[in-house]
Amino acid sequence: MSTAARRESIPLTEDDLAVLERLLQSSSLERRALEQLSDEVGDSKAALLHALLAVGIDAVRERAREDGYRELLVSRDADDEAEIRTARRRQIANWGDE
Numbered sequence: 002m003s004t005a006a007r008r009e010s011i012p013l014t015e016d017d018l019a020v021l022e023r024l025l026q027s028s029s030l031e032r033r034a035l036e037q038l039s040d041e042v043g044d045s046k047a048a049l050l051h052a053l054l055a056v057g058i059d060a061v062r063e064r065a066r067e068d069g070y071r072e073l074l075v076s077r078d079a080d081d082e083a084e085i086r087t088a089r090r091r092q093i094a095n096w097g098d099e
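Take the sequence shown: its position 95, counting from 1, is numbered 96 in this note's numbering, and each next residue is one higher.
So this is what it looks like as structure tokens:
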């Protein structure tokens, strides 16, 4: 009698499948989060799934969410600074006209 391991498919939600698709993109937040949380992340689907199972999909989602918020804040800060500089230039340019 054979004692070979039996493979079973893992039920995945649409959200899980979307995360897996983003993991295949090297520039995605999920991929970067997984690379930060796991020492061994390969490029194949099997390697990505192995790393994902090791750290947990929820941990990757949370880390990606945090990194996304951080990037958004940085970009907003940069936009705000640019608007402030523009407003100051206008104010200085119009200062003598009043």
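Heads up, the beta-carbon is just placed ideally off N, CA and C, and yes, glycines get one too.
Contact belief for residue i with residue j at Cβ below 8 Å, rounded distance in angstroms
| i | j | result |
| --- | --- | --- |
| Leu35 | Val42 | 6 Å |
| Ala19 | Ser39 | Not quite, the Cβ-Cβ distance comes to about 20 Å (not below 8 Å), so this is no contact. |
| Asp68 | Leu30 | 5 Å |
| Val61 | Leu73 | With 8 Å as the limit, Val61 and Leu73 do not qualify as a contact, their Cβ atoms being about 18 Å apart. |
| Gln37 | Arg64 | 6 Å |
Range covered by the alpha helix (DSSP H) that runs through residue i
| i | result |
| --- | --- |
| Val42 | Segment: none, Val42 is in no alpha helix (DSSP H) and carries neither H nor E. |
| Gly57 | Taken as a continuous stretch (DSSP letters only), Gly57 belongs to no alpha helix (DSSP H), as it is neither H nor E. |
Where residue i sits in the DSSP three-state scheme
| i | result |
| --- | --- |
| Leu50 | helix |
| Leu18 | helix |
| Ser76 | helix |
| Leu25 | coil |
| Leu13 | coil |
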